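Written out below as structure tokens is the structure these notes cover.
Residue numbers (the numbering used here): 60 to 241.
In structure tokens form, the structure reads like this:
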């Protein structure tokens, strides 16, 4: 089966590789929606990505965002914005939403995964260290839970793989054939 990952995210590729899925990466190069209802946007953005690269076989596309106070944060543009995100999330919970789309020869299936992540109360030195470390670059919400960002987190409710960037449970529901033994 020809499987295409419509994403340039190294985290998504790593998850699929660890699951034993053979796939080709195709960066979709689409303009993503921003500023609207986060749950609608992540699914629509994933649909746009899947449709942009859909060319037979099975296409997997995902869009993930961090949502605080009902608004998607997106990726911080610079160190000051990354610091602002940490200030706002310190001692609070936020949602991580992923829209996932599986496209099979024109047939589209989609779903939404939600996880809740609670940050510890973060000290000023800790926030500065994290910003200087640079892991926030290119990350929705300005952190990566799978590495140093895990030190910011008090608890996760829901799918951890969703927080990393690819909800594996939802993928198994939408594309069970990826996980069948040969």
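Beta carbons: idealized from backbone N, C-alpha and C, even for Gly.
Since this is a predicted model, take the numbers as computed values, not measurements.
Run the CB neighbour count on residue i, radius 10 Å, all protein chains shown included, and call it buried at 16 or more, exposed below.
i: residue 67; result: exposed
i: residue 104; result: buried
i: residue 172; result: buried
i: residue 60; result: exposed
i: residue 139; result: exposed
i: residue 99; result: exposed
Please state if the CB of residue j and the CB of residue i are separated by a distance shorter than 8 Å.
i: residue 101; j: residue 122; result: yes
i: residue 134; j: residue 65; result: no
i: residue 158; j: residue 169; result: yes
i: residue 174; j: residue 215; result: yes
i: residue 144; j: residue 201; result: yes
i: residue 87; j: residue 131; result: no
What separation, rounded to the nearest whole angstrom, lies between the Cα atoms of residue i and residue j?
i: residue 77; j: residue 208; result: 21 Å
i: residue 85; j: residue 178; result: 33 Å
i: residue 241; j: residue 234; result: Residue placement at residue 241 is poorly supported in this model, since its pLDDT is 47, which falls under 50; the coordinates are not used for a value here.
i: residue 163; j: residue 136; result: 35 Å
i: residue 161; j: residue 124; result: 18 Å
i: residue 231; j: residue 80; result: 12 Å
i: residue 117; j: residue 110; result: 11 Å
i: residue 73; j: residue 194; result: 17 Å
i: residue 82; j: residue 236; result: 13 Å
i: residue 221; j: residue 187; result: 26 Å
i: residue 198; j: residue 223; result: 10 Å
Give the range of the alpha helix (DSSP H) segment to which residue i is assigned.
i: residue 173; result: No alpha helix (DSSP H) holds residue 173; the beta strand (DSSP E) holding it covers 166-178.
i: residue 76; result: 69-77
i: residue 188; result: 183-192
i: residue 1; result: Because the chain spans 60 through 241 in this model, residue 1 falls outside it and cannot be assessed.
Considering just the uninterrupted stretch of the beta strand (DSSP E) at residue i, what are its terminal residues?
i: residue 228; result: Unbroken run through residue 228 is the alpha helix (DSSP H), 227-233; no beta strand (DSSP E).
i: residue 42; result: Because residue 42 is not part of the residues shown, which for the chain are 60 to 241, the question remains open.
i: residue 214; result: 212-216
Inset, instruction - Any chance you could list the beta strand (DSSP E) runs of at least 3 consecutive residues sitting entirely within the region 89-166, in chain order? - result: You should have 117-127 and 152-163.
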